[in-house]
Amino acid sequence: MSSDRKIALVTGGSSGIGLAIARKFAASGMQVIVAGRRQEALDRAVSQLGEDASGIVADVSNLTSLDTLFSQIRSDFGRIDVLVANAGVGVHAPLGQITEAGFDQQFDINVKGIVFTVQAALPLLNPGSSIVIVGSTSSIDPGPSMSIYGATKAAVRNLVRSWVSDLKGSGIRINIVSPGPTNTQSLRDAFGEHAEEGLAFLRKKSPIGRIGEPDEIAEVAAFLASESASYVNGVELFADGGASQA
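Here's what the structure looks like:
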């Protein structure tokens, strides 16, 4: 591995938006590490990404698992140039049907997981490194039945507002890409048996008449991670076809 080749870690990188981001990075010549909870899914992702990609099983909501992840990266690679904190989960539940288990799951992965992923990565990040967090337009427009998910994404936005100051002088940039509805299996699964009706509603809401594709979100993440965005720091960039503004 060339010492000047960038090393990228993508959590939740075995499917959906995370896999699309990992694929974009690999195509640009980066050494890509994908992390996720299921070995089988990671193996499939790595087979798509090429021989220079690697997968590590990790649960971002578990601090011991995160310690193991970053210890292995330190041993194998010595550093991280780009961190994409993408792992997340959403549970549909309207007020009156919110469960403690659903609440805990979303905050444990979407908030606790982000906090301790970024914190554990810091010793491996050097000046010039970039952190990209995958948020959601739910941070400002959660819609019905997604109040808890939206609250987790709003929490992440406020974490980054503070972390920009905490990272002052480090040479590390941190930004958020917040996708709107994106054509992933997880989105379809979230609607369950009402998937087609749900997707039709989202398309109708969009000013450009469609939902996004994972590769489109990957392009935005790649921009934020790149030197082309060297003066971009602390932003939440909405990639949603204008839906959050409508």
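Under my numbering, the letters of the sequence shown match residues 549 to 794, in that order.
Glycine included, C-beta positions come from ideal geometry on N, C-alpha and C.
Partner residues in the beta bridge of Arg721, as assigned by DSSP, are Ser678. Residue burial is scored here from C-beta neighbours: Ile722 has at least 16 other C-beta atoms within 10 angstroms and is therefore classed as buried. Its Cα nearest to that of Ala601, the residue Leu567 stands out among Leu567, Asp607, Ser613.
Secondary structure at Leu785: strand, using DSSP grouped into helix, strand and coil.
Nearest to Thr559 by C-alpha distance, out of Gln596, Ser623, Gly698, Ala669, is Ala669. With the rule of 3 Cβ pairs closer than 8 Å, the segment 567–585 counts as touching the segment 623–641.
Straight across, the Cα-Cα distance linking Ile724 with Glu745 is about 29 Å. Restricting attention to beta strand (DSSP E) runs no shorter than 3 residues, the segment 631–661 encloses none. For Gly782, the closest alpha carbon among the candidates Pro762, Asp763, Trp711 is that of Trp711. Taken atom to atom, the span from the alpha-carbon of Ala743 to that of Asn674 is near 43 Å. At a Cβ-Cβ threshold of 8 Å, Leu614 and Val605 do not count as neighbours. The beta carbons of Leu750 and Val768 sit no closer together than 8 Å. The three-state secondary structure of Ala583, taken from DSSP, is strand. CA-CA distance, Ala589 to Arg705, rounds to 29 Å.
Going by C-alpha positions, Ile759 is about 8 Å away from Asp788. The Cβ atoms of Ile688 and Pro727 do not sit closer than 8 Å to each other. Within the model, the alpha-carbon separation for Ser693 versus Asp552 is close to 46 Å. Annotated as distal: Leu611 and Phe651, with beta-carbon spacing of 8 Å or more. Shown here, Ala668 sits in a helix according to DSSP, grouped into three states. The C-alpha of Gln579 is placed about 43 Å away from the C-alpha of Gln645. The C-beta distance from Val708 to Ile681 rounds to 6 Å, short enough to meet the 8 Å contact threshold.
According to DSSP, residue pairing for Leu673 in a beta bridge involves Ile628.
Taking Leu643 as the centre and dropping the five residues before and after it, the same chain places no C-beta closer than 6 Å to its C-beta.
Distance from the CA atom of Arg592 to the CA atom of Leu672, rounded to whole angstroms, is 27 Å. In the same chain as Lys660, and ignoring 5 residues on each side of it, the C-beta atoms closer than 7 Å to its own belong to Ser609, in chain order.
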